[in-house]
Amino acid sequence: MQLKPPLVLRFLLPGVTWKVNTSEKVIFVTFDDGPHPEITMQVLDILDRFQAKATFFCVGENVQKYPTTYAEILQRGHHAGNHTYNHLKGWKTNNKVYFNNIDKASRLIESKLFRPPFGKITPLQTLHLKRHYRIVMWSVISYDFDARISPEQCLDNVMKHSFPGTIAVFHDSVKSEKNLLTVLPWYLEAMSNKGYTFKALEEQSL
């Protein structure tokens, strides 16, 4: 289970954001693959309980299906990012098709933040997209989508890799629902008790 991105990726993909450089006790919680009308709304309520702000990397077709849920993300003071329109894997997608899919999503998601689905993006795709977006990867991934792991293991995954400036990944999706909705309040409470706050990623201050 690869919780942290391999160092070789940082070498192959220069100029990509893996963490936020800060000495403040701040965590940047992110959610991929939504929005989902029930799950995302529950996530928003949990975030409100802890006065936490987050960044949602949204799939364009889901934004088109659930515009009210997407609008609620922004209304509650969170930020959105582009996660392609059809959740495409860059390694297996023709560059023109990939870029067009991102452009299609951008017509629904007004953001200069981009995260490649699965973290799969080629150096050439990265070079092109850096001209238009801040490409955001992660410091640690929770594996909330993996039905084989318990909520306790999922929590441990993120807790042991959470430090000032950490970008943590969860998923507001059906596959992740059970772990996500159990672990997220645990995580926010545990890190709050350690003196951390939770902020949304900014387009220009990564």
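Going by numbering that gives the first Met the number 0, the first residue of the sequence shown is number 0, and it counts up by one from there. All residues carry an ideal CB built from backbone N, CA and C; glycine is no exception.
Would you mind stating whether N85 and S110 have Cβ atoms separated by less than 8 Å? Walking along the sequence shown from the start, residue 85 turns up at place 86. Walking along the sequence shown from the start, residue 110 turns up at place 111. Contact: no.
Span of the alpha helix (DSSP H), counted from its first residue to its last, around H127: The residue labelled residue 127 in the question sits at position 128 within the sequence shown. P122 to L128 is the span of the alpha helix (DSSP H), which, as asked, contains H127.
Applying the 10 Å Cβ sphere with the 16-neighbour rule, what's the burial state of D47? Locating residue 47 in the sequence shown gives position 48, where the first residue counts as 1. Per the 10 Å Cβ criterion, exposed.
Is it the case that the region 180 to 189 contacts the region 56 to 76, given that we only count it when at least three CB pairs across the two stretches are under 8 Å? In short, these stretches do not touch, since the Cβ pair count stays below three.
Since W96 sits in a beta bridge, which residues does DSSP pair it with? Start at 1 with the first residue of the sequence shown, and residue 96 comes out as number 97. The residue asked about is misnamed: residue 96 is Val in this sequence, not Trp. Answer is none; V96 lacks a bridge partner.
D44: buried (16+ other C-beta within 10 angstroms of its C-beta) or exposed? What you label residue 44 is simply residue 45 of the sequence shown in a count that begins at 1. Exposed, by the Cβ-count rule.
Exposure label - W137; buried when at least 16 CB within 10 Å: As a first step, residue 137 is located in the sequence shown; it is residue number 138 there, counting from the start. Looking at its Cβ environment, which holds 16 or more other Cβ atoms inside 10 Å, W137 is buried.
Is there at least one non-hydrogen atom of the ligand NAD closer than 7 Å to the beta-carbon of K52? As far as ligands go, the structure on display features none, and thus does not contain the ligand NAD.
Where does L107 sit, in a helix, a strand or coil, going by DSSP? Along the sequence shown, one-based indexing puts residue 107 at 108. Three-state result, L107: coil.
Work out the CA separation of T83 and A199 for me, nearest whole Å. Residue 199 sits at position 200 when you count from the first residue of the sequence shown. Residue 83 sits at position 84 when you count from the first residue of the sequence shown. Rounded to the nearest angstrom, the two C-alpha atoms are 20 Å apart.
Output the boundary residues of the alpha helix (DSSP H) element that contains V58. Numbered from its first residue, the sequence shown carries residue 58 at position 59. From DSSP, V58 is part of no alpha helix (DSSP H); its letter is neither H nor E.
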